[in-house]
Amino acid sequence: MLRKLRVVAAAATFTLITLYFLDFAGWLPESFHGLVSIQFLPAVLSLSLVTLAGLILATLLFGRIYCSVVCPTGIFQDIVNRIAGRLQKKRKRFAFAPAKTILRWSVLGVVVVTYLFGLTVVLSLLDPYGAYGRLVSNVFSPVYMAGNNLLEAIFTKFDNYTFYRTEVAVVSPLAFIVALATFGIIGFLAWKHGRSYCNTICPVGTLLGFLSKYALFKIRIDKNNCNGCGVCASKCKASCIDRKTHTVDYSRCIACFDCLDNCRQQAIQFSSTASKAAVPLAVKKGGIPQTVPTSSQPAPCSPPETAGVSESPDRSRRQFLGTLLATAALLPEAFARKQEELLSGRKGYKRQHPLCPPGAVSPEHLLKHCTACHLCIAKCPSHVLKPAVTEYGLGGVMQPVMYFDRGFCNFDCTVCSDVCPNGAIHPLTVEQKHLTQVGRVVFIKEDCIVYADETSCGACSEHCPTQAVTMIPYKEGLTIPSIDPDICVGCGGCEYVCPARPFRAIHVEGNPVQQQAKPFERTGGSDIKIDDFGF
Numbered sequence: 034m035l036r037k038l039r040v041v042a043a044a045a046t047f048t049l050i051t052l053y054f055l056d057f058a059g060w061l062p063e064s065f066h067g068l069v070s071i072q073f074l075p076a077v078l079s080l081s082l083v084t085l086a087g088l089i090l091a092t093l094l095f096g097r098i099y100c101s102v103v104c105p106t107g108i109f110q111d112i113v114n115r116i117a118g119r120l121q122k123k124r125k126r127f128a129f130a131p132a133k134t135i136l137r138w139s140v141l142g143v144v145v146v147t148y149l150f151g152l153t154v155v156l157s158l159l160d161p162y163g164a165y166g167r168l169v170s171n172v173f174s175p176v177y178m179a180g181n182n183l184l185e186a187i188f189t190k191f192d193n194y195t196f197y198r199t200e201v202a203v204v205s206p207l208a209f210i211v212a213l214a215t216f217g218i219i220g221f222l223a224w225k226h227g228r229s230y231c232n233t234i235c236p237v238g239t240l241l242g243f244l245s246k247y248a249l250f251k252i253r254i255d256k257n258n259c260n261g262c263g264v265c266a267s268k269c270k271a272s273c274i275d276r277k278t279h280t281v282d283y284s285r286c287i288a289c290f291d292c293l294d295n296c297r298q299q300a301i302q303f304s305s306t307a308s309k310a311a312v313p314l315a316v317k318k319g320g321i322p323q324t325v326p327t328s329s330q331p332a333p334c335s336p337p338e339t340a341g342v343s344e345s346p347d348r349s350r351r352q353f354l355g356t357l358l359a360t361a362a363l364l365p366e367a368f369a370r371k372q373e374e375l376l377s378g379r380k381g382y383k384r385q386h387p388l389c390p391p392g393a394v395s396p397e398h399l400l401k402h403c404t405a406c407h408l409c410i411a412k413c414p415s416h417v418l419k420p421a422v423t424e425y426g427l428g429g430v431m432q433p434v435m436y437f438d439r440g441f442c443n444f445d446c447t448v449c450s451d452v453c454p455n456g457a458i459h460p461l462t463v464e465q466k467h468l469t470q471v472g473r474v475v476f477i478k479e480d481c482i483v484y485a486d487e488t489s490c491g492a493c494s495e496h497c498p499t500q501a502v503t504m505i506p507y508k509e510g511l512t513i514p515s516i517d518p519d520i521c522v523g524c525g526g527c528e529y530v531c532p533a534r535p536f537r538a539i540h541v542e543g544n545p546v547q548q549q550a551k552p553f554e555r556t557g558g559s560d561i562k563i564d565d566f567g568f
């Protein structure tokens, strides 16, 4: 019964979280956001004390129930393992394996140390929720959208317009490769060894495993009824049941309850107290019951002090390596930009500071709280957010950064701040969003087609919601943009629509720390007649 309840709850959680990431049309209600808000690391990074207390209490009561019912990466492994069991000709059996305690605590130590020194990419890569979010956003989502477009093509032939066509694109090659590698590694381990990833690499699994040793309700073996057949151990995908000693490694038990339904002797149960006869182990030898002493459970392991973990890393060396890698990655782009400048005779530009999502405060704040789950990227209706490569440095790889090549940030949109579970992007009201300045407008006159080609334009002014870009008389009846950076919020509307090529004449320069723009007053202005310009 417990196993069936666990399967139903896990299936519901996994399905809803997956659909929430895939839902590009906004069909699902925002209440589904609660499923990502109760993930463990987001609760830690956002200092959501109520959620954190609830997860810890649940672990102290029922063990690692979070890993089997709430964690999407854990449930994903169960699905892969289930498929493997169905496809393999030989019945899949597990066996007890010694705990890899040193490896588990070493990985956790590396994650903590690198996070404290600002290299959050390690935490981002190993966070189980973030890893699954990237998998859905970068691998599953293009497939889902392609399926949507296929249905749209079929339904349209029958004059049914339930579906609409959407752009299918890989947002970031790097994020796609990382997500695909995550899929391959975790999928392979789950296929071959069940939940071995959870009990060797996952930092959340290590932490909750330590707490689950002291859980009130546990899987307990009645040694009087147990005949040592080992069926329970063969079903344990955490490989934590030792049939020889009749013990369970509670730090690795994920409370899946698979063992409960397979014991014919009714010798294993999920209870709050051990059987009174469970201390001595009664076995029969020659028909005469004999008492065999059992070894006591080992004391909880303390985190081992491994080389390289307890020592502080060389900060300057890390910064040098990060700068070197970033420079090497940008060399081809810089060379191509220089060639374009020489051929076109126009000035190029390069942002000195990246554009963080509205409410992210600064790159430093984003770095400390974001695990690169890509939920904000998946939900952004304007496709403005992309996974960073070198914009934030080595530590901020795959965290969200704003670009305006596919759209601009809607003036009234607060989706990214609404869905962020980590506190990396602070919630904003629409009124607060209207005055949040992520960057300031910059105008390069020499690149403007009004100046260079003496062609009528005004697209940037038309798309500016705050009138930070206005048109002023230029010559021979032409008008040219004039900017007021103080009232600009950095939405990128002007940059997105600017027709100047190869370099846009107007762009947004990111603020090192997001500011509050000056309030603006809407004025009537004068209509500008634009001929032969499709805006």
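Count the sequence shown with the working numbering and you get residues 34 to 568, in order. We put the beta carbon where it would ideally sit given N, CA and C, even for glycine.
| In the structure shown, what three-state DSSP assignment does His416 receive? | Correct three-state label for His416: coil.
| request: Within its chain, find whatever has a CB closer than 6 Å to the CB of Val113; leave out the 5 residues flanking it on each side and keep chain order. | output: Beyond the five residues adjoining it in sequence on each side, Val113 comes within less than 6 Å, by CB distance, of Gly220, Ala223 and Trp224 in the same chain, given in chain order.
| Thinking C-alpha only, which one of Gly59, Gln549, Ala76 and Ser305 is nearest Asn455? | Distance check between Asn455 and each of Gly59, Gln549, Ala76 and Ser305 places Ala76 closest, using alpha-carbon atoms only.
| request: Look at the Cβ atom of Ile108, then the Cβ atom of Leu159, and state whether they are nearer than 8 Å. | output: Their beta carbons are not under 8 Å apart, which means Ile108 does not touch Leu159 by this criterion.
| Option in Lys277, Ile301 and Ala117 with minimal Cα separation from Gly227 | Of the residues Lys277, Ile301 and Ala117, the one whose Cα lies closest to the Cα of Gly227 is Ala117.
| message | I need the boundaries of the beta strand (DSSP E) containing Asn544, first residue and last residue. | response | Taken as a continuous stretch (DSSP letters only), the beta strand (DSSP E) holding Asn544 covers Ile539 to Gln549.
| query | Is the Cβ-Cβ distance between Cys449 and Cys413 less than 8 Å? | reply | Taking the C-beta atoms as reference points, Cys413 is found nearer than 8 Å to Cys449.
| message | Runs of 4 residues minimum, wholly inside the region 154-233: which ones carry the alpha helix (DSSP H) assignment? | response | 154-159, 161-168, 174-190 and 206-226, all fully within the region 154-233.
| request: Give the DSSP-derived three-state secondary structure of Gly96 in the structure shown. | output: Secondary structure at Gly96: coil, using DSSP grouped into helix, strand and coil.
| Roughly how far, in whole angstroms, is the beta-carbon of Gly525 from the beta-carbon of Phe437, given that I think they are within contact range, below 8 Å? | Contact holds; Cβ gap of about 4 Å.
| query | So, are the CB atoms of Pro236 and Val144 less than 8 Å apart? | reply | Their beta carbons are under 8 Å apart, which means Pro236 touches Val144 by this criterion.
| request: Tell me, to the nearest whole angstrom, how far the beta carbon of Pro396 is from that of Gly429; I am working on the premise that it is less than 8 Å. | output: Sure, about 7 Å apart at Cβ, within 8 Å.
| request: Taking only the alpha-carbon atoms, compute the straight-line gap between Ala266 and Phe243 and give it to the nearest angstrom. | output: Computed Cα separation, rounded: 21 Å.
| request: Look at the alpha carbon of Ile287 and the alpha carbon of Cys231, and state the distance between them as a whole number of angstroms. | output: Between Ile287 and Cys231, the C-alpha separation is close to 9 Å.
| Per DSSP, cross-strand counterpart(s) of Met431 | Per DSSP, Met431 has no beta bridge partner at all.
| Is the beta carbon of Leu511 sitting closer than 8 Å to the one on Val483? | In this structure, the beta-carbon distance from Leu511 to Val483 falls below 8 Å.
| query | Beta carbon of Ala393, beta carbon of Gln470: below 8 Å? | reply | At the C-beta level, Ala393 and Gln470 stay beyond 8 Å of one another.
| query | Which whole-angstrom value describes the C-beta separation of Pro552 and Leu427, a residue pair presumed to lie in contact below a C-beta threshold of 8 Å? | reply | The Cβ separation is near 39 Å, so there is no contact.
| query | Ends of the beta strand (DSSP E) at Lys478? | reply | Segment: none, Lys478 is in no beta strand (DSSP E) and carries neither H nor E.
| What is the DSSP secondary structure of Gln302, counted as helix, strand or coil? | Strand at Gln302.
| Which partner residues of Arg253 appear in the DSSP bridge assignment? | According to DSSP, residue pairing for Arg253 in a beta bridge involves Gln302.
| task | For Ala359, name the three-state secondary structure that DSSP assigns. | result | With a pLDDT of only 48 at Ala359, under 50, the local geometry of the prediction cannot be trusted, and the value read off the model is given with reservation. Ala359: helix per DSSP, three-state reduction.
| query | With 16 other CB atoms within 10 Å as the buried threshold, where does Pro161 fall? | reply | Around the Cβ of Pro161, a 10 Å sphere holds 16 or more other Cβ atoms; the residue is buried.
| said: Considering Cα atoms alone, identify which of Lys401, Cys481 and Thr189 is closest to Tyr148. | reply: That would be Lys401, whose Cα lies nearest to the Cα of Tyr148.
| task | State yes or no: is the C-beta of Val166 within less than 8 Å of the C-beta of His407? | result | The sequence given here places Gly at residue 166; Val does not occur at that position. Their beta carbons are under 8 Å apart, which means Gly166 touches His407 by this criterion.
| For Gly163, the nearest candidate out of Tyr194, Phe129, Cys104 and Leu141 (CA to CA) | Just measuring C-alpha positions, the residue of Tyr194, Phe129, Cys104 and Leu141 sitting nearest Gly163 is Cys104.
| message | Measuring only the C-alpha atoms, how far is Pro387 from Met435? | response | When rounded, the separation of the alpha-carbon atoms in Pro387 and Met435 is 8 Å.
| query | Thinking C-beta only, is Leu49 closer than 8 Å to Leu68? | reply | Closer than 8 Å, so yes.
| message | Within 10 Å of its beta-carbon, does Ile135 have 16 or more other beta-carbons around it, so buried, or fewer, so exposed? | response | Its Cβ having fewer than 16 others within 10 Å, Ile135 is exposed.
| request: In the DSSP assignment, find the unbroken alpha helix (DSSP H) run with Pro75 in it and report its ends. | output: Run containing Pro75: Phe73 to Leu78, per the alpha helix (DSSP H) assignment.
| query | Could you give the distance in angstroms between the alpha-carbon of Asn260 and the alpha-carbon of Gln298? | reply | Going by the C-alpha atoms only, they are around 8 Å apart.
| message | From the DSSP secondary-structure annotation, give me the bridge partner or partners of Gly472. | response | According to the DSSP secondary-structure assignment, Gly472 is paired through a beta bridge with Gly543.
| message | Just to confirm the assignment, what range does the beta strand (DSSP E) spanning Pro518 have? | response | Going by DSSP, Pro518 is part of no beta strand (DSSP E) at all; its letter is neither H nor E.
| message | Distance check for Lys268 and Ala212, CA to CA, integer angstroms please. | response | Roughly 29 Å between the two C-alpha positions.
| query | Shortest alpha-carbon distance to Val474 belongs to which of Gly263, Tyr194 and Pro514? | reply | Considering only Gly263, Tyr194 and Pro514, the residue with the shortest C-alpha distance to Val474 is Pro514.
| request: Examine the Cβ distances between the region 251-258 and the region 176-188 and report whether three or more of them are shorter than 8 Å. | output: Segments in contact, no.
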